[in-house]
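K.L.:
Just so you know, the protein sequences line up as chains F and R, in that order. What the first sequence shows, in the working numbering, is residues 497 to 838, in sequence order. What the second sequence shows, in the working numbering, is residues 497 to 838, in sequence order. Dropping a structure here in structure tokens format, bear with me for questions.
2 protein chains.
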Amino acid sequence: MQKQPTIRDVAQAAGVSVAVVSRVLNPGSGPVAAATRSRVNDVMKNLGYHPRTAARELKYGPPTTLGLLLADVSNPFFARLADQVVQEAHSRGIQVLLMTTQEDDQLESERLGTLIERRVSGIIATPTGNNVAIWKQLQDLGTDVVFVDRSIPSLPEVDVVSIDNFESARSATALLAAHGHRRIGIISGPASSTTGRDRIAGYRQAMEAAGLEQDELLIRHAAFRGPAGGDAASALLSIEDPPTALVVANTAQVTEVLRRLSHAGIDIPGTLSVIVFDDSPWTELMTPALTIVRQPIDLLARHSVQLALANTQGKSSGKPTVIRVAAELVERSSVARLQFSK
Amino acid sequence: MQKQPTIRDVAQAAGVSVAVVSRVLNPGSGPVAAATRSRVNDVMKNLGYHPRTAARELKYGPPTTLGLLLADVSNPFFARLADQVVQEAHSRGIQVLLMTTQEDDQLESERLGTLIERRVSGIIATPTGNNVAIWKQLQDLGTDVVFVDRSIPSLPEVDVVSIDNFESARSATALLAAHGHRRIGIISGPASSTTGRDRIAGYRQAMEAAGLEQDELLIRHAAFRGPAGGDAASALLSIEDPPTALVVANTAQVTEVLRRLSHAGIDIPGTLSVIVFDDSPWTELMTPALTIVRQPIDLLARHSVQLALANTQGKSSGKPTVIRVAAELVERSSVARLQFSK
DNA sequence: AAATAAAAGTGTACCGGTTCCACTTATTTT
DNA sequence: AAAATAAGTGGAACCGGTACACTTTTATTT
Chain F
497 MQKQPTIRDV AQAAGVSVAV VSRVLNPGSG PVAAATRSRV NDVMKNLGYH PRTAARELKY
557 GPPTTLGLLL ADVSNPFFAR LADQVVQEAH SRGIQVLLMT TQEDDQLESE RLGTLIERRV
617 SGIIATPTGN NVAIWKQLQD LGTDVVFVDR SIPSLPEVDV VSIDNFESAR SATALLAAHG
677 HRRIGIISGP ASSTTGRDRI AGYRQAMEAA GLEQDELLIR HAAFRGPAGG DAASALLSIE
737 DPPTALVVAN TAQVTEVLRR LSHAGIDIPG TLSVIVFDDS PWTELMTPAL TIVRQPIDLL
797 ARHSVQLALA NTQGKSSGKP TVIRVAAELV ERSSVARLQF SK
Chain R
497 MQKQPTIRDV AQAAGVSVAV VSRVLNPGSG PVAAATRSRV NDVMKNLGYH PRTAARELKY
557 GPPTTLGLLL ADVSNPFFAR LADQVVQEAH SRGIQVLLMT TQEDDQLESE RLGTLIERRV
617 SGIIATPTGN NVAIWKQLQD LGTDVVFVDR SIPSLPEVDV VSIDNFESAR SATALLAAHG
677 HRRIGIISGP ASSTTGRDRI AGYRQAMEAA GLEQDELLIR HAAFRGPAGG DAASALLSIE
737 DPPTALVVAN TAQVTEVLRR LSHAGIDIPG TLSVIVFDDS PWTELMTPAL TIVRQPIDLL
797 ARHSVQLALA NTQGKSSGKP TVIRVAAELV ERSSVARLQF SK
């Protein structure tokens, strides 16, 4: 392990002052003779010099790091989001500190503490819904906070990027209704989440528009984690007059719900038609290929990163920005046309 | 946006020196009277003070950040790895800087540059295979480098954590042979990768042990990214005497290969038996449920993090550590028993 | 050729913590 | 009661860059 050269070592070796080396390091910060510049560059290469980000950050807490706080990354939806966010950030020279909450507000609060100490310029997060005080503090500190996929109603001043949950659920439900389904179930996120509520609202509107009876038994909320999703699916199937179609609108639990359906030996779409909120590659590989609501993850990522860096670039507009991108209903083979039997 | 209080603000407000505040901040670094401690703590809370990591890092480049450099995170295997690494790191109070290379060595080199400037204490990476000089430099600088899943033969002094690729491929192939298959194909990673080579070697050994003819046409290498995986699958199926069984041993391209098989209308396991290296949840949901080689991602993550922090903790043992964890062959329904027809 | 302007380069305070060392004030030891 | 030891606190240098104010060199103008 060699001792790390500093800017002063470089300056001395090149026979110039540290100020000049700093200028070479930051083009545009001041004039440097071409000959000097190349000499300094040579010395830096020979010495294996690399400026330390920590030292640079000390002067002005710079917009070079961004926090990405997700529920977990094993979920394909979040994984793809993380992938896109990282790519988008990298393309702007920004680094990403990845953290997970496991939907645990205690863990979330710890992570937020770390992000504060690191003075990240922005945070992109899927909030658990608690820790409102800390989120507020973060904003007061000048950190750009962006909620993605979900939001917290009691924090209306935070930027939000998500799909149009209402419209997505509405159109998915409408599609099922148009195929003759009258008993349509929906499994959505917790009622405390905006995501969950909006999707249910869209579902209701579609049911009403189709003139279908709204049975509260057909509406299920499931927590983002744990067995709740599977339980909801099982419960839905065991009611007296079970649904012939199901919208799985809890993005985080799609796999869990499908596993339960599969184990129950449900024939899709024979017994049950299904539309899910998840556009993972494998939804196409299943038998039958699943009809899905495709979330434009790249757009979610791009807008999130943009907003998370907005204030930094002086583009802060007093009001919080809410971006709703359109989701796409991709029809495949998991929805059956129901014959009129009654 | 409020101005951020510094340690001096706290000191002044509490009527003590900065040294005392620092001691309160770092318990064990020196004596502080209980009364003073609580007074300082109160002031910190009132002022909303949070120490800046950047300033702290300046003194001693500390082991508080770890770089995770993956090919991409949209791939479920890497996503789950990232998830576990982050959890493991968090449990040790370490933060994770996530980066992706897209398997592009140019991008990789840029990312490595950033990691050097940040003086991360350790790096966990799936290397592209190039940039050997930079990896060496990283190590000289005292950074703990750990390759996970793959390695680079020309860098034997780097720690490696992976599954036992040879044995995994051998046992998967042996299972197929035991089911009466004689024409067994394999799609593995590029020949330049250790992963790819080891798996092929395991395959060869199993073929030989079973007394089966080794046809080079049955062995395909596919790059980790791009359409190569799918092309390899198509090519395999169109040879004169096509395989009746296939080992998809290119973890990164499993989905791509399966998609191609699905589109080609191949009946699994009727026409083709399949074993894949991927234990994503959805492999169980497919029809038929896929027989898989399950990689213990949690173990890979745990060992990686441990090694990446080893030197920091003074546990550096001159020699590089190579950890091979056992993978598990999970039999499900995608392998058919072949009747002897010849 | 003198005057003026622009370019190149230097010295040093500063960012916000940490830590060594010196110093003062209790507490023990003999 | 004097000396030795420990506890509590403060002063200031330091980490490695950045940037401002200023001096020196070179180029341009008339």
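Ideal placement from N, C-alpha and C gives every residue a C-beta, glycine not left out.
1) In chain order, what are the residue ranges of uninterrupted beta strand (DSSP E) at least 3 long that sit wholly in the stretch 761-812 of chain F?
2) Taking 8 Å as the cut-off, decide whether the C-beta atoms of serine 730 of chain R and proline 784 of chain R are in contact.
3) Can you tell me whether histidine 677 of chain R is buried or exposed? The criterion is at least 16 other CB atoms within 10 Å of its CB, across all chains shown.
4) Taking C-alpha atoms, which residue in F/Ser658, F/Thr560, F/Ile619, F/Leu742 lies nearest to phenylalanine 573 of chain F?
5) For the putative contact between glycine 625 of chain R and isoleucine 648 of chain R, defined by C-beta atoms under 8 Å, what is the C-beta separation to the nearest angstrom?
6) Given this structure, state the Cα-to-Cα distance separating arginine 798 of chain F from glutamate 613 of chain F, to the nearest angstrom.
7) Do leucine 651 of chain R and tryptophan 631 of chain R have their C-beta atoms within less than 8 Å of each other?
8) Does serine 525 of chain R come out as helix, strand or coil in the three-state DSSP assignment?
9) Going by DSSP, what residue range makes up the beta strand (DSSP E) through phenylalanine 643 of chain F?
10) Pairs of beta-carbons, one from the stretch 787-803 of chain R and one from the stretch 552-561 of chain R, closer than 8 Å: are there three or more?
11) List, in chain order, every chain F residue whose beta-carbon is nearer than 7 Å to that of serine 570 of chain R.
12) Would you check if there are 3 or more beta carbon pairs closer than 8 Å linking the stretch 521-533 of chain F to the stretch 567-583 of chain F?
13) Could you please give the first and the last residue of the uninterrupted beta strand (DSSP E) stretch that includes aspartate 655 of chain R?
14) Would a check of beta-carbon distances place glutamine 508 of chain R closer than 8 Å to chain F?
15) Let me check understanding here. Comparing Cα to Cα, which of F/Asp568, F/Leu554, F/Gln500, F/Ala578 lies closest to lysine 541 of chain F?
16) By the three-class DSSP mapping on this structure, what secondary structure does glutamate 854 of chain F have?
17) What are the uninterrupted segments assigned as alpha helix (DSSP H) that are 4 or more residues long and contained completely in the stretch 570-598 of chain R, given in chain order?
18) Under the DSSP definition of a beta bridge, which residues are partnered with alanine 741 of chain F?
19) Tell me whether histidine 546 of chain R, by its Cβ, gets closer than 7 Å to a heavy atom of the ligand ZN.
20) Residues in its own chain within less than 8 Å of glutamine 583 of chain R by CB, not counting five upstream and five downstream?
21) Please say whether glycine 726 of chain F and valine 839 of chain F have beta carbons closer to each other than 8 Å?
22) Could you compute how far the alpha carbon of valine 801 of chain F sits from the alpha carbon of arginine 820 of chain F?
23) If we cut at 8 Å on Cβ distances, does alanine 551 of chain R have a partner in chain F?
24) Secondary structure at histidine 717 of chain F, three-state DSSP: helix, strand or coil?
25) Per DSSP, arginine 820 of chain F is paired with what?
26) Quick one: give me the first and last residue of the alpha helix (DSSP H) that glycine 726 of chain R is part of.
27) Return the residues of the stretch 747-761 of chain R that lie within a Cβ-Cβ distance of less than 7 Å from chain F, sorted by chain order.
28) Under 8 Å Cβ-Cβ, which residues of chain R neighbour leucine 805 of chain F?
29) Identify the residues that DSSP records as bridge partners of leucine 562 of chain F: which are they?
30) Between which residues of its own chain and arginine 607 of chain R is the CB-CB distance below 7 Å, once the five residues before and five after are set aside?
31) Less than 8 Å between the beta carbons of alanine 728 of chain R and alanine 702 of chain R, yes or no?
32) When burial is assigned at 16 or more other CB atoms within 10 Å of the CB, is isoleucine 696 of chain F buried or exposed?
33) Sort out for me which residues DSSP pairs leucine 543 of chain F with in a bridge.
34) Answer with buried or exposed for proline 523 of chain R, where buried requires no fewer than 16 other C-beta atoms within 10 angstroms of its C-beta.
P.N.:
So, from the listed chains and residues:
1) 769-772, 787-790
2) no
3) buried
4) F/Ser658
5) 6 Å
6) 26 Å
7) yes
8) coil
9) 640-644
10) no
11) Ala575, Arg576, Asp579
12) no
13) 655-659
14) no
15) F/Gln500
16) Only positions 497 to 838 of chain F appear in this structure, which leaves residue 854 of chain F out of reach.
17) 572-587
18) F/Ile680, F/Ser769
19) With respect to the ligand ZN, the structure shown offers nothing to examine, as it has no ligands at all.
20) Ala797
21) Chain F is shown only over 497 to 838; residue 839 of chain F falls outside these bounds and no answer can be derived.
22) 15 Å
23) yes
24) strand
25) F/Ser658
26) 724-733
27) Thr751, Leu754, Arg755, Ser758
28) Those within 8 Å of leucine 805 of chain F in chain R number zero; the least Cβ separation is about 16 Å.
29) F/Val592, F/Gly618
30) Leu565, Met595, Thr597
31) no
32) buried
33) DSSP, once it has assigned bridges, lists no residue as partnering leucine 543 of chain F.
34) exposed
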